[in-house]
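Chains as they are written, first to last, in my numbering: chain U, 1 to 246; chain V, 247 to 494.
Here's the structure we're looking at; comments come further down.
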Amino acid sequence: MEQFFNTYFDFSIMGEYFGDVLAGFWWTIKLSMFGGVLALTWGLILSVLRQLPGKWLAPVRILAIAYIDALRGIPMLLTLLLIAGGLGTLASQDAIPREIGIPNWFGYPDPFWYGVIALTLTYGAYMAEVYRAGIEAVPRGQMEAARSLGMSHGQAMRFVIVPQAVRKVIPPLLNDFIALMKDTSLVSVLGFVEVVQVGQDVYSETFNPSALTLGAIMFLVFTIPLARMVDWLIKKQDSKFRRGIP
Amino acid sequence: MSETILKVTDLQKSYGQLDVLAGIDFELAKGEVVCVIGPSGSGKSTLLRCMNMLELPDGGRIELHGNEVFGEGKPKNLDVLRREVGMVFQQFNLFPHMSAKGNVKIAQEKVRNRKKKACDERSIELLTEVGLEEKIDEYPDRMSGGQQQRVAIARALAMDPEVMLFDEVTSALDPELVKGVLDVMRNLADKGMTMVCVTHEMGFAREVGDRVIFMDGGVIVEEGKPDDVLGNPQQERTQRFLGLVLEH
Ligand SMILES: Nc1ncnc2c1ncn2[C@@H]1O[C@H](COP(=O)(O)OP(=O)(O)OP(=O)(O)O)[C@@H](O)[C@H]1O
Ligand SMILES: [Mg+2]
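See below:
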């Protein structure tokens, strides 16, 4: 027991490397924030594209659906490696501009941006489905009632449909964000020193995984409250809409 | 009769092979209360939904105050039509994220562009009129079906429509709640509101209706004064339907 404890919870190692682990976790946070915000936006665009009305736009809808299915069906690790390898190679062959192939925006290194792109592409697909489900979960009668009162389609969406859909999509979007945050650790395969890579480096130096434990704890500090919040939101909604929806 | 408000000519609607409306003609005079009866699937809801374009008719003409709002297969002046024609649904369709007052207020504010204060006053006045002065700030999920339906009526009235359409508005209610809603409708009729009511409440049709229309298979089979159509139907199909309904 003591041996177990000393292996995973060696406080002297945790103390010594706390600053490094925290610096790594700061990158994790930044990856999550950039990836999260861009995925939210990209997902919204995708969900709008796949629901565009009319015959003429059928190709757009089909492309959007194909994209969503594909990106949800590929492991994100693979997407990440394809992006990093592909963009890097193309840029080195001058097929695409270096600023795009080996991005260095805001002074952040290229693996960071490969990670952000992979997170956006993958989680955008997941979030597009969440938005769609949210809008579709609003009963049809709501749109009809709004239109029968003289509201335009846009007004009905804005004042009646979206406010109801938002309440329904926040919990699943938060769940996706938790998953996204954890998947930032995949960027370590590109040698990027986010929190997992720091832990791994400390391990190879000390043969003790306590820095990894510390990284795990930092994750939990964020993910557990988020998970609790999701549950709380769902509970609150259930009681609010207990009888409300016809 | 006085001036015609709504005139429907040869209205057609089909879903695939099924002709749900196979040429409907009728006129609605100001202040008139028309009750539409008929078996399930005869096209009653579709007729109402076509009258305010929640469903697009395939053919025919609809005129509101002599202005064409549907013709040559296209809707025209859709915003005028929707503003002048209010609708109440079987399933209430209240907005669950708004209080009773919010429900009654929203379209006044956004569609009629009334001042906030005027909207508030009108909403309270209407909710009081339908007997819900105690429930003004209540949310739909905390109201009975009968109360929700009365909010829905107030919500439609808030647009000051010329015509109100009611589609089986008491069918989803527990029996003891039906009377409250019918009383509100009766009051409206007494005040001179022009109404089209699809209903299974034969007592209501007889007492409040100026005219009864019996529909079957997408056409008007028989129409006339309630006492005539309900008491002494001429068509065999009407007799059969009433025989079945009145047995209960
Ligand atoms: N969106 C739709 N798509 C296909 N068929 C439809 C649609 N809406 C209605 N119908 C069909 O049209 C017919 C008429 O429907 P409608 O709702 O107008 O009947 P109704 O007289 O109101 O019946 P009820 O008394 O049951 O409400 C039915 O056979 C119905 O199945
Ligand atoms: Mg019906």
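Ideal Cβ placement from N, Cα and C applies to all residues, glycine included.
So the alpha helix (DSSP H) residue i belongs to, where does it begin and stop?
i	result
V/V397	G391 to L403
U/V160	Looking at the DSSP string, U/V160 is not in any alpha helix (DSSP H), and its letter there is neither H nor E.
U/S92	M76 to S92
V/E468	Here V/E468 belongs to no alpha helix (DSSP H); instead the beta strand (DSSP E) covers V465 to G470.
V/M333	Where V/M333 is concerned, there is no enclosing alpha helix (DSSP H), although the beta strand (DSSP E) it sits in stretches over V331 to V334.
U/A70	A58 to G73
U/N208	Where U/N208 is concerned, there is no enclosing alpha helix (DSSP H), given that its DSSP letter is neither H nor E.
U/Y108	Run containing U/Y108: none; DSSP gives neither H nor E here.
V/K356	A346 to K356
U/S148	R140 to S148
V/T292	K290 to M297
U/Y8	E2 to Y8
U/R98	R98 to G101
U/G154	H153 to A156
Over the uninterrupted beta strand (DSSP E) stretch that includes residue i, give me the two end residues.
i	result
V/F460	R457 to D462
V/D304	Element bounds for V/D304: n/a, residue is neither H nor E.
V/M410	V409 to D413
For residue i, list the residues DSSP reports as bridge partners.
i	result
V/K361	Note: V/K361 sits in no beta bridge, so no partner.
U/D20	Its beta-bridge partners do not exist; DSSP assigns none.
V/S260	V/D265
V/N313	V/L310
V/A275	V/T250
V/K320	V/G317
V/M439	In DSSP, V/M439 forms no bridge with anything.
V/V444	V/V282 and V/D413
V/T255	V/R307
V/D270	For clarity, residue 270 of chain V is Ile in the given sequence; the question names Asp instead. According to DSSP, V/I270 bridges with V/L257.
Could you pull out every residue in the same chain whose Cβ sits closer than 8 Å to the Cβ of residue i, ignoring the five residues on either side in sequence?
i	result
U/L52	V60 and R61
U/P246	Summary for U/P246: the model assigns pLDDT 42, below 50, so the residue's position carries little reliability, and this model does not support an answer.
V/K347	D366, S369, I370, L373, I382 and D383
U/I234	P171
U/Q200	S188 and L212
U/P209	T7, Y8, G199 and Y203
V/K425	none
U/Q247	The displayed coordinates of chain U run from 1 to 246. Any statement about residue 247 of chain U would go beyond what the structure contains.
U/L90	I96 and G101
Can you name, in chain order, every residue of its own chain whose Cβ lies under 7 Å from the Cβ of residue i, other than the five neighbours on each side?
i	result
V/V376	R396, I399, A400 and V430
V/S390	L423
U/R243	Confidence is the limiting factor: at U/R243 the pLDDT is only 48, short of 50, which leaves the residue's position unreliable and the question unanswerable from this model.
V/S260	V266 and D304
U/P75	none
V/A435	V279, M441 and V454
U/M180	The displayed chain sequence assigns Leu, not Met, to residue 180 of chain U. Taken in chain order, the residues that qualify are S32, G35, G36, A39, L119 and Y123.
V/E468	F460, V475, P479, Q480, Q481 and T484
U/R72	A125 and Y126
So, at 6 Å on beta carbons, what are the nonlocal neighbours of residue i in its own chain, with the 5 sequence-adjacent residues on each side left out?
i	result
U/S185	V196
V/V315	I308, K322, N323 and L327
V/Q394	F338, L340 and P386
U/L214	M14 and V21
V/V465	A268
V/L428	F450
V/Q354	R360, C365 and A404
V/G317	R307
V/R432	V454
inquiry  = Output needed in chain order: residues of the region 159-170 of chain U with a Cβ under 8 Å from some Cβ in chain V.
reply    = Taking 8 Å as the Cβ-Cβ cut-off against chain V, the residues of the region 159-170 of chain U that qualify are F159, V160, P163, Q164 and R167.
request  = List in chain order the residues whose CB is within less than 5 Å of at least one heavy atom of ligand 1.
outcome  = Proximity annotation: ligand 1 has residues V/Y261, V/V266, V/S286, V/G287, V/S288, V/G289, V/K290, V/S291 and V/T292 in chain order, each selected because its CB is closer than 5 Å to a heavy atom of the ligand.
Residues from the region 138-161 of chain U in contact with chain V, defined by Cβ distance under 7 Å = From the region 138-161 of chain U, only G141, Q142, E144, A145, R147, S148, L149, G150, M151, Q155, F159 and V160 have a Cβ closer than 7 Å to chain V.
message = Counting only Cβ-Cβ distances shorter than 7 Å, please list the residues of the region 335-364 of chain V near chain U, keeping chain order.
response = Close to chain U, meaning a Cβ-Cβ distance shorter than 7 Å, are the following residues of the region 335-364 of chain V: F335, Q337, F338, N339, F341, P342, H343, I352, A353, K356 and V357.
key: Proximal residues, the region 286-307 of chain V versus chain U, C-beta separation under 7 Å   = Identification of residues in the region 286-307 of chain V having a C-beta nearer than 7 Å to some C-beta of chain U yields N298 and L300, given in sequence order.
key: Cβ-based contacts, 9 Å cut-off: residues of the region 467-489 of chain V near chain U   = With the criterion set as a beta carbon lying under 9 Å from some beta carbon of chain U, the region 467-489 of chain V has no members that meet it.
query = For the region 306-326 of chain V, which residues have a CB atom closer than 8 Å to at least one CB atom of chain U, in sequence order?
reply = Listed in chain order, the positions of the region 306-326 of chain V with a beta carbon within less than 8 Å of a beta carbon of chain U are D325.
request  = Closer than 7 Å, Cβ to Cβ, to anything on chain U: give me those residues from the region 427-454 of chain V, in chain order.
outcome  = Listed in sequence order: no entries.
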